[in-house]
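Below is one structure, written out as C-alpha cells, with a few remarks after it.
There are 2 protein chains.
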Amino acid sequence: MREFSRSLPMSLLRAREAVMRQFRPSLRNHGLTEQQWRILRALTAVDEIEVTELARVAFLLGPSLSRILRDLDARALIERKAAENDGRRAVVSISAKGLKLIEAVAPTSEAIYAEITRRYGARKLAELHEMLGALEASLAGMGSADDAEVEADE
Amino acid sequence: MREFSRSLPMSLLRAREAVMRQFRPSLRNHGLTEQQWRILRALTAVDEIEVTELARVAFLLGPSLSRILRDLDARALIERKAAENDGRRAVVSISAKGLKLIEAVAPTSEAIYAEITRRYGARKLAELHEMLGALEASLAGMGSADDAEVEADE
DNA sequence: GGGAGATGATTAACATGTTAAGTGAATTCC
DNA sequence: GGAATTCACTTAACATGTTAATCATCTCCC
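Sequence lines, in order, name chains S and Y. With my numbering, the residue at position 128 of the first sequence is 226, and numbering never jumps. With my numbering, the residue at position 85 of the second sequence is 183, and numbering never jumps.
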C-alpha cells in the first residue's frame, strides 16, 4: 500500500493545518473561531444572504451553520429575518457590531497572509490555488464509487 | 480584503473535502471513520508504536487519539500495553482482527486513489504533493505572530 | 383547495478538533 | 534521596463535522 504520509488527504490536511496554525491565535484573541470568522467574513461581501447560500460560500454544512448562527445572533454580531416571500428561508446580514469586529481582526489577518505569501512566493501561491481548483474540478463528477452497497436501489 | 473564496485555507479545505468525499462512503460501509482508518493504516506500517509517535504520524491531537484508541481497543482492532522501561508510555499495535479489516477496505481504497490519480494526472499529483510539502516547510518556523498578546512574557 | 411530496432550516446523536486541566510516573537538582 | 519539575497520557469542556430525523412551509397536481 501507499506510504502513509504521502496520501493526498494527509498532505492536504497537514498543509491546511500549517496555515491555520498561523491564524488561530489572532482569531482567538478576538473571541472568534475559524468557522465564525469564515461566516462573518463572507457576510461582509454581501448586503444580505440566505442561509443555504451562506452555507455554500462559507463551505459549512447546514447543522454547523445553524449552531454558529444561533451563537453569532446571541452575540449580536449578525441579524436574521425571514425571507419576504418564502417563510422557510431565512436571510442573514452582518450587524454594525459584527462589522466593527471584522475591522479589528482584518489587519492582523492580512499581515499574516502577507507573510505567508512572502515566504512561499506569490507566484507559487497562485499556482497552488490553481492546482487545488483543478483537483476539485477533476473529482467533481466522480460519484462516490461505493463498494458493498447494501441496497441495490441507492 | 481578499476575495473570500480565494483564501488559502478555503482552497485547501475544499480540495481536501473533494478528495475525502470519495473515500468516506467506503470507510463507512466498513464501520470506520476517516480518523480510525488513519490510525489503523499507520499501525500496519509498524510492529508496534508509542502513542505520542502515533499521534505524530497519524496527525491527530492527543485527546482525539485517546478517545479513538479507547474505541478501537473496545472493538478489539488494536492491542495496548505499557512500555517496558517507562510506566508513562503506552505501546499500541494492530490486532489480527484489525489487520483483517484493513485488508477488507484496502482494495476499494486503492481503486478510488487510482481513479483520482487517473483523473488528475500522476505527474500533477506528484507536483501537488511537492508544493504542499514546500508550503508546510515555508511556514515551519513562523511562530504564530500573535497580535494583542495579553501577557508580555509569553 | 386540499393532500402528497419537495424544500429550507433546525434539532438530535455521535465522533472529532481544540485548549485546558488532571493524573501518575520519571527526571532533575539541590 | 526527596521535593519540584517535566513528561506521557487521559479527562473535561466546548465547538464543529457528519448523517439522520424533524418541522414548518411551499408547490404541484388532481
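Glycine included, each C-beta is placed from N, C-alpha and C at the ideal position. In this text the structure is predicted, and so the values were computed from the model without any measurement.
Pairwise C-alpha distance: residue j and residue i
i	j	result
S/V149	S/V190	7 Å
Y/I214	S/K222	23 Å
S/A188	S/A180	4 Å
S/F102	Y/R139	7 Å
S/P107	Y/Q134	14 Å
S/L141	S/L152	8 Å
Y/E228	Y/S124	28 Å
S/L226	Y/F157	22 Å
Y/K195	Y/I137	14 Å
Y/A235	Y/S105	19 Å
Y/A232	S/A113	9 Å
Y/V144	S/Y218	34 Å
S/R122	Y/G129	33 Å
S/M118	S/I176	24 Å
S/Y211	S/S109	20 Å
S/A172	S/L197	15 Å
S/A174	S/S193	7 Å
Y/P205	Y/L199	11 Å
Y/E146	S/I147	52 Å
Y/E182	S/Q120	38 Å
Buried/exposed call for residue i, threshold 16 Cβ in 10 Å
i	result
Y/T131	exposed
Y/A202	exposed
Y/S162	exposed
Y/L170	buried
S/R165	exposed
Y/L167	buried
S/A224	exposed
S/A220	exposed
S/A116	buried
Y/L159	exposed
Chain S within 8 Å of residue i, Cβ atoms only
i	result
Y/E146	no
Y/E234	yes
Y/V117	yes
Y/A194	no
Y/E151	no
Y/T161	Reading the sequence as shown, one finds Pro at residue 161 of chain Y and not Thr. Not closer than 8 Å to any Cβ of chain S, the Cβ of Y/P161 fails to qualify, so no.
Y/Q120	yes
Y/I82	Not covered by the structure: residue 82 of chain Y. The range shown for chain Y is 99 to 252.
Y/A143	yes
Y/L237	yes
Range of the contiguous alpha helix (DSSP H) that encloses residue i
i	result
Y/S207	A194 to Y218
S/A172	G160 to A172
Y/A140	E132 to L141
Three-way DSSP call (helix, strand, coil) for residue i in this model
i	result
Y/E177	strand
S/E148	strand
Y/S191	strand
Y/A113	helix
S/S105	coil
Y/M240	coil
Y/H227	helix
S/F157	coil
S/E234	helix
S/R122	helix
S/N183	coil
Y/R221	helix
Y/V248	At Y/V248 the pLDDT is 37, less than 50, meaning the model places this residue with poor confidence; the figure from the coordinates comes in the next sentence. Y/V248: coil per DSSP, three-state reduction.
C-beta neighbour in chain Y for residue i, strict 8 Å
i	result
S/K222	yes
S/V189	no
S/I176	no
S/L197	no
S/L110	yes
S/R168	no
S/E182	no
S/R104	yes
S/R217	yes
S/L226	yes
S/R154	no
S/L230	yes
S/R139	yes
S/M114	The displayed chain sequence assigns Arg, not Met, to residue 114 of chain S. S/R114 counts as touching chain Y.
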